[in-house]
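Quick notes on the structure that follows.
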Amino acid sequence: MSLDKLSLEEWIQSANEKSVSFADFCVDFQSQQMGVTAEEVITRMEAILSVMAESISAGLKGPRSKGGLVGGDALKLQQYTQSQKKTIMGSFLSKAVAYSLAVGEANAAMGRVVAAPTAGSSGVIPAVLFTLKEEFGLSQPELAKGLIVAGAIGMVIASRASLAGAAGGCQAECGSAGAMAAGAMVSLLGGTPTQAGHAVAITLKNMLGLVCDPVAGLVEVPCVKRNAGAVGQAIVAAGMALAGIESVIPVDEVIDAMESVGQSMHCSLKETAQGGLAVTPTGLALSEKIFGDTK
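Mapped onto this note's numbering, the consecutive letters of the sequence shown carry residue numbers 1 to 295.
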């Protein structure tokens, strides 16, 4: 299958013309591309979901990262939320943020994660899917469909822009993960294919220009907390799209704009640890503490 300029708008139009949900359209598309039954596609996704669940569980145990910069925040947030009658984030967002931190911390501690679409952004989609499962009573096969929707959106972004921080900044990693999660969320909650597209567009617009500036070159700071931020953006975008709010700029054009912005970024802001937070006084001091004076 060629990845030359896939179009999410064309897929949405096809789903609308066939009067099927975007999830069913994506399942059928993947089934045809892979040469397997729809049931087999679902089964494969369920296996991936099990790894995601394990990474959430591992992260909630509070592991410390190899670089020592992150660890324990997911557990801290979970315990705080459970101890309060009411929190400013509410139960859904609090749980999703805790889960995203958990996966990010598990990854930083060298745990097993699913690159969704990258290891550095691996907390976003699991956080959204498993929070949906618990808060809305969704089944594992339904989550599998959501994962397929997210993957389809990621395919389009990969073909029109990039999923790599080294190529497009963190907008390409956490931004894409948030967009993928938003589209999946809308689809799983009964939104139309068109609404799913608007959710993707709104998320990417809100994260356009996000740089990749890992302190000490490690996928720890600010990466883990950026996963949490992307979860928040995805939930906001999905909520607006489900309410009927539309993106003025069509989704394919938003993705193309993200590619253009990524190309315009200086290399210091694309995973090189030579700009942004990585070169703050504290960032440089942490790098020297971990690796010594590398000058």
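Glycine residues also receive a C-beta, built at the ideal position from the N, C-alpha and C atoms.
Here the structure is a predicted model, which means the values were calculated and not measured.
On the criterion of 16 or more Cβ atoms from any shown chain inside 10 Å, does residue i qualify as buried, or is it exposed?
| i | result |
| --- | --- |
| Arg64 | exposed |
| Tyr80 | exposed |
| Met34 | exposed |
| Lys76 | exposed |
| Val36 | exposed |
| Ala47 | exposed |
| Asp252 | buried |
| Met110 | exposed |
| Lys86 | exposed |
| Cys267 | exposed |
Confirm, please, whether the CB-CB distance from residue j to residue i is below 8 Å.
| i | j | result |
| --- | --- | --- |
| Leu101 | Val215 | no |
| Leu210 | Ile255 | no |
| Gly169 | Gly262 | yes |
| Ala150 | Ala161 | no |
| Lys18 | Ser159 | no |
| Ala53 | Ala106 | no |
| Ala38 | Leu60 | no |
| Ser176 | Arg112 | no |
| Ala181 | Val124 | yes |
| Glu142 | Leu188 | yes |
Short of 8 Å in beta carbon distance, which residues of its chain neighbour residue i, apart from the five on each side in sequence? Order them along the chain.
| i | result |
| --- | --- |
| Ser2 | With a pLDDT of 46 at Ser2, under the threshold of 50, the modelled position of that residue is not reliable, and no figure is offered here. |
Could you check which residue in the options has the C-alpha nearest to that of residue i?
| i | options | result |
| --- | --- | --- |
| Lys95 | Ala119, Val128, Pro117, Ile148 | Val128 |
| Thr118 | Phe291, Gly178, Gly137 | Gly178 |
| Asp28 | Val114, Phe130, Asn107, Ala152 | Ala152 |
| Cys174 | Ser31, Thr43, Met258 | Met258 |
| Arg226 | Ala144, Ala285, Met207 | Met207 |
Counting only the same chain and skipping the five closest in sequence on each side, list residues whose C-beta sits under 7 Å from that of residue i.
| i | result |
| --- | --- |
| Ala278 | Asp213, Pro214, Val215 |
| Ala238 | Ala182, Met185, Val186, Ala199 |
Please list, in chain order, all residues of the same chain as residue i whose beta carbon is under 6 Å from its beta carbon, the five residues on each side excluded.
| i | result |
| --- | --- |
| Ala98 | Ala74, Leu77, Gln78 |
Roughly how far, in whole angstroms, is the beta-carbon of residue i from the beta-carbon of residue j, given that I think they are within contact range, below 8 Å?
| i | j | result |
| --- | --- | --- |
| Met45 | Ile148 | 6 Å |
| Ala273 | Ala241 | No, Ala273 and Ala241 are not in contact; Cβ-Cβ is about 35 Å, not under 8 Å. |
| Ala108 | Val219 | 6 Å |
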